[in-house]
Every structure is written in structure tokens, then in C-alpha cells.
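Worksheet: one structure, shown below.
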Amino acid sequence: MSAAELAVVASPPRARLSTRFLRSELKIIFGRRRNIAGLAVLAAVPVILAIAVRVSSPGQGDGPDFITAIAGNGLFVAFAALALELPLFLPLAVSAISGDSVAGEANLGTLRYLLGIPAGRTRLLVIKYAAIVIFAVVATLVVATVGTIMGLALFGGGEMTLLSGTQTSLADGVWRLALTTLYLAAQFSALGAIGLFISTLTEQPIGATIAVVLVNVMMFILNSISQLDWLHPWLLTHWWTAFGDLLRDPIATESIQRGLITALIYASTFWLAAWARLATKDISS
Amino acid sequence: MTSAPAETAPVVTSGLTKQFRRQIAVDRIDLEVPGGAVYGFLGPNGSGKTTTIRMLLGLISPTAGAISLLGTPMPAAARSVLRRVGSLVEGPAFHPYLSGRANLARLDAADRFSDPRTSRMRIDSALDRVGLLAAAEKRYRAYSLGMRQRLAIANSLLMPRDLLVLDEPTNGLDPQGTREVRHLIGELARDGATVLVSTHLLAEVEQICSHVGVMYEGKLVAQGPLGELRAGSAQTVRVDTDRTDDAARVLTELGLRDISISPGYVTAALGEVAVEKIVPNLVNACVPVLGFAVLQPSLEDVFVSLTGEGFDVSG
Chain A
1 MSAAELAVVA
11 SPPRARLSTR
21 FLRSELKIIF
31 GRRRNIAGLA
41 VLAAVPVILA
51 IAVRVSSPGQ
61 GDGPDFITAI
71 AGNGLFVAFA
81 ALALELPLFL
91 PLAVSAISGD
101 SVAGEANLGT
111 LRYLLGIPAG
121 RTRLLVIKYA
131 AIVIFAVVAT
141 LVVATVGTIM
151 GLALFGGGEM
161 TLLSGTQTSL
171 ADGVWRLALT
181 TLYLAAQFSA
191 LGAIGLFIST
201 LTEQPIGATI
211 AVVLVNVMMF
221 ILNSISQLDW
231 LHPWLLTHWW
241 TAFGDLLRDP
251 IATESIQRGL
261 ITALIYASTF
271 WLAAWARLAT
281 KDISS
Chain B
1001 MTSAPAETAP
1011 VVTSGLTKQF
1021 RRQIAVDRID
1031 LEVPGGAVYG
1041 FLGPNGSGKT
1051 TTIRMLLGLI
1061 SPTAGAISLL
1071 GTPMPAAARS
1081 VLRRVGSLVE
1091 GPAFHPYLSG
1101 RANLARLDAA
1111 DRFSDPRTSR
1121 MRIDSALDRV
1131 GLLAAAEKRY
1141 RAYSLGMRQR
1151 LAIANSLLMP
1161 RDLLVLDEPT
1171 NGLDPQGTRE
1181 VRHLIGELAR
1191 DGATVLVSTH
1201 LLAEVEQICS
1211 HVGVMYEGKL
1221 VAQGPLGELR
1231 AGSAQTVRVD
1241 TDRTDDAARV
1251 LTELGLRDIS
1261 ISPGYVTAAL
1271 GEVAVEKIVP
1281 NLVNACVPVL
1291 GFAVLQPSLE
1301 DVFVSLTGEG
1311 FDVSG
């Protein structure tokens, strides 16, 4: 018997640092037809957008600035699609996943078996939240990637005119798109923490999802009431549109920084709230 | 097998209480499940069995009282002790769109101590043990109630366990399945595991349990080895005679209680009276004894006497 084998036999089982639980969680999220269909809907927006702009004559619309810029550079399909999906589609996708995270397991009754393993309540929340963050990145990345492919295929690449009027290379444009994707994914991850918390309050995943969407829409509404401008910097969604600053030359970092700090505060506050809730909760489902 | 000290029973609670808002679901119970026992946890629906089991497993926190599981306090030691405990709580619950095997793999992945290299082997052997290997790839939603129940039992067998807590394990199983589960529980107990099995099927308890605890309205009204519990309950004598009134009078004089007269026979609780004195006394009083029997109480009688109307809970 080798020393390694001896160690396996002799030592009591030790906790392993492994991504197995996270991978299992991701398999459940991305193996679910409902979620794949949701991602397909997210991907459909840049496709529809690119085709619509291609077949119509370029003209002045009242949509986001990005749409008129598409004809100049295909990369703007990705930016425009992200801007279009920012108010509802992307937050809705994250709401569905985060609202389902704990409430879905409680609803099925699998929560009591996970805790009986024992998966550990804190560890469960860490894994659940990690999966939400990964989903937020993937969802945003899907929109950006499909937008890039459609845009470059239908409109071509080349030099890119930034919002500040200067020209830059396609590679720089792709770099800025990558930053935009990460920035927005961070914002949606913060929303996902709100979802995780709400998900610990109920056994109804749909109810939790609707509540997260309501919170999200409510923040947009509050942000549009100018009399409440003192409140605006504290709203998570207030900073979402700041990603346009990544398309300036040089990149305007002030709002981006504020946005990231706000997201971090929301994420940590609501993750801790979820933990405080679940750590002491009676699991009677 | 059991690494807990011999003097510490695998499950001990003292004054365990759970109050939900105004209702006291579990009322100061002192459970003791001895090592190696198959402990039948009995009680009518809503008597607090499942709430107790949920507290034992750390799913809900007690309002008062203490729990020791395998010699360690719960829920403080949940992380280290629960992996030695296999459980089935309030019916099976799995992801409906995953296969049986995928569901077990999911639960195994959630276990920080499980070895991924042996995962497949352990899952297959657990599925095999409950007779579900052939249906391993089927989606859970396509499983019958009996198959779901078996899958939940398979989950509790993924790891070697020192204690199994099984809440209504034969619920939804056909007679064949029930027999198999009974057999399985016997096997696990022989392997050295202690089993706490909650059920309302008394026939099941008589066949597999060595110890019994009876819950009623949140209280543990009786607990002990099955034989003791049965002996502690009153034996009944039955006298077949055509002069029932005279027979009843004689029995009363001898000190028997709870005398009830039926056409053709009289029954009475034996109490402390010596059995052999009864027939001679009846004969001396010229009561024709056409038949005489001492009836052992069935477990059902014991159960009804413990939980039925008018039972004095002081015992």
C-alpha cells in the first residue's frame, strides 16, 4: 500500500475544496429548458435589431444614439442591444434565476435534503450567489456576442466613431464592449443579490421573481421622478446607463466608479440580509 | 461502527420543545434512541413526529431543550454530525426534470466530504439497494410514488451512516415494496446503524422495531423496548359463561377492574390479581366457566390506550 493510499484510509474524511457543487448548480440552471429559452429571447434582440436596421434606410430615429450609429460600425449592434435590454429583458432574466434560487428549492422540498446532506446554509448561499453572478455574466455576454457577430456580419467593422466623436480601432471597440459587458454584468449581479434575499423569504419562486422585477421597475420609476433627485445616486439602476461613458475618449470613469461601488454595496448588503434570513430560518417546506 | 461513546445513545433530547406562534407542536420531550435500536416513532398525524425529526436534523430550531445526535450537540455540530446521518423527511423531494441518478449526483455534489471519484459507484450501489438501478436514467417526474420513495431512501444510503432517520419510509409503497423496505431497515440495523423510523403503521412497528416511542399531542407519552411497553399495558382476562352477572360479581370481589359484560362473556383488566386464583373462585361461586383466556394486548390496543380518548397521560 502506498503512502497516498494509506493516507486515504487512515485520515477521517476531510472537507474538499471543490467546484463540484457550483458545477452542479450551473448544470441545473443551464440545463433547464425555460432558462435556455430565456437566453434565446435575449439573443433574439440583437438579431432582430441588426436585420431591421439593415433592411430599413438609415435615418434619424428617436431611439438610443447607438441605433443610428449601427450603420457606421457593426459593433454598435451589441451596444444598442444591451441598451435596449437594459430596462427589462436582462434584469428580468436575472430576476427569474435569483428569485428561483432558494425559493425554488424550498418549493420542490429539495432544500431540506440539501441541508440534511449537510450542504451548509452559508455555503449554499455562496454557491447560489456565485451561480447567479455567472448567469448574469453569461446573459450579458450572450447579448454582446450575438450583437457583435450580427453587426460585423451585416455592417462590417473597421474604424469606430466614439460618442465623443473621435475615431478608434475595431480592437479598441471590442475592448470597450468587453468592459461594458462586465460593468453591466456587475450591475445585474447586484440585482441578483436582491433576488437571492427575496428568494429566502418565500417558498414561491414565481412570487420571488415578480418581486425582484417590481423592485427593479420601482427603482427605474423613482429615478425618473426629478423631485426625488436626492435619492437617485442611491438607486442601483441610476448608474446602469453610465456604461455609455465607456464609449468616450478618454473613458469617463467617475460614474462608472460610482456605479461599481453602488453595485458592491447593494450586493454585499443583500447577500448578508439573505444570510441573516436563511441562517436562522425554520425550514418547514 | 458507531463511534459515539457507548454510554451516549445516538439520539437524546431533553425537554425538547417547539412552539409555532401560539401552538405548541412539541412539548418537552425526552427522546432516547439506544445504539443499534430500530426505534419506531409512533403517533397520530399532527402529533409532532415530523417537527421533532426536523429539529433533530437541524432544519428547524427548538424553542427550548437540547438535542444530542451521535453524542454531539445539535444544531451546533450540524456540519460534522449530519453527514453520519441519513435522512428521509416528510416524503421524497427531487428535481422533477432530472433523472434519478442525476438527482443523487446533485445531492452528492453538495456534500463537501464526498469523494467525486467514488460518486458514480456509490450512487449506483444505493440505487441498486432500493431496486431502482433499471430506472436510474428516467426523469424523476416519470417515477411512481413508490419509486420516488425508494429514491429518497437511496439518498440516505449514499454514504455509510451511523444513524438513519426515516420519516414514513413505506408511504406509497405497495406490499412488495413495503416488505423490501422492512428488509432493508433490518439489514441496515444488522450492519450496526441505529434507525429511527416514524410511522403510523403498527404492523410495521411490530415486525421491525426493537424500541417504540409514542407521541400524542406534542408529548412523548410512552417510550421503551417494545416488549416492555406491551407488558406495561394492562392484560385482559376473558371469561366465557352463561351467567355473566355472577361472573362479573366474582371478578369484582377478586379486585379486577374495568369489567365489561357482553352476551356470553365478561372481560376485565387483570391488574395485580394472580391469574390462577380466578377460575377456582368462579367455580366455587358456581359460575360455569365455558372458556377462560388471558389476552395479551396487541400493539394497537397499547397505542389506543396511550393516545385514545380518556387516557390518563400521567404514565
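So the sequences go chain by chain: A and B.
In terms of our numbering, the first sequence is residues 1 to 285.
In terms of our numbering, the second sequence is residues 1001 to 1315.
Ideal placement from N, C-alpha and C gives every residue a C-beta, glycine not left out.
Taking a Cβ-Cβ threshold of 7 Å, none of the residues of chain A is close to B/I1029; the smallest such distance is about 18 Å.
If you look at A/F243, you'll find it isn't in any alpha helix (DSSP H); DSSP assigns it neither H nor E. Counting the other Cβ atoms within 10 Å of the Cβ of B/R1150 gives 16 or more, which makes it buried. Rounded to whole angstroms, the gap between the alpha carbons of B/H1183 and A/I117 is 24 Å. Boundaries of the alpha helix (DSSP H) harbouring A/K27: R20 to F30, taken from the DSSP string. Within the DSSP bridge table, the entry for B/Y1039 names B/L1196 and B/H1211 as partners.
At a cut-off of 8 Å between beta carbons, A/R16 contacts chain B. Taking A/R112 as the centre and dropping the five residues before and after it, the same chain places the C-beta of I283 and S285 closer than 8 Å to its C-beta, in chain order. Taking 8 Å as the CB threshold, A/P118 lines the interface with chain B.
Here the C-alpha atom of B/A1066 lies approximately 36 Å from the C-alpha atom of A/G207. Contacts between B/D1124 and chain A, judged by CB atoms closer than 9 Å, are missing: the closest CB pair is about 18 Å apart. The beta carbons of A/A274 and A/L125 sit closer together than 8 Å. Close CB contacts of A/T180 within its chain, under the 6 Å cut and outside five residues either way in sequence, are with F243 and L246 (chain order).
Distance from the CA atom of A/S98 to the CA atom of A/F135, rounded to whole angstroms, is 9 Å.
Scanning B/V1085, B/D1111, B/S1061 and B/T1008 for the CA closest to the CA of A/L17 turns up B/D1111. Any Cβ of chain B closer than 8 Å to the Cβ of A/S164 would place that residue at the interface, and such an atom is absent.
With fewer than 16 neighbouring CB atoms inside 10 Å of its own CB, B/R1141 falls in the exposed class. Considering only beta carbons, the part of the region 1112 to 1137 of chain B lying closer than 7 Å to chain A consists of R1112, F1113 and P1116, in chain order. For B/D1242, the number of other beta carbons within 10 angstroms of its own is below 16, and it is reported as exposed.
For a Cβ distance threshold of 7 Å, residue set P118 and G120 of chain A lies close to B/R1079, ordered along the chain. Residue nearest to B/V1195 within the set B/L1173, B/V1302, B/L1157 and B/D1245 is B/L1157 (criterion: CA-CA distance). Listed in chain order, the non-local C-beta contacts of A/G156 below 7 Å within the same chain comprise G74, local neighbours out to five positions each way being set aside. Within chain B, the residues H1095, L1098 and R1106 have their CB atoms less than 8 Å from the CB of A/I28, given in chain order.
In the DSSP assignment, B/M1074 is bridged to B/I1067. Sequence-distant Cβ neighbours of B/L1057 in its own chain, meaning closer than 6 Å and more than five residues away, are S1087. Counting only runs of at least 3 residues, the region 1077 to 1123 of chain B fully encloses the following beta strand (DSSP E) elements, listed from N- to C-terminal order: 1085 to 1088. From the listed residues A/A80, A/L141 and A/V217, the smallest Cα separation to A/L163 is found for A/A80. For B/R1190, no beta strand (DSSP E) encloses it; the enclosing alpha helix (DSSP H) starts and ends at P1175 to R1190. Around A/L154, the same chain offers A50, R54 and G74 as residues with beta carbons nearer than 7 Å, after the five sequence neighbours per side are excluded. Think of a sphere of 8 Å around the beta carbon of B/I1060: the chain A residues whose beta carbon falls inside it are D282, I283 and S284, in chain order. Runs of the beta strand (DSSP E) lying entirely within the region 207 to 274 of chain A, each at least 3 residues long, are absent. Beta-bridge pairing by DSSP links B/F1292 to B/V1239. Collapsing the DSSP output to three states places A/P91 in a helix. Here DSSP, grouped into helix, strand and coil, assigns B/T1267 to strand.
In this structure B/L1031 is not in contact with B/L1188, their Cβ atoms being roughly 20 Å apart against a cut-off of 8 Å.
Closest in C-alpha terms to A/V137, from the list A/S255, A/Q257 and A/A190, comes A/A190.
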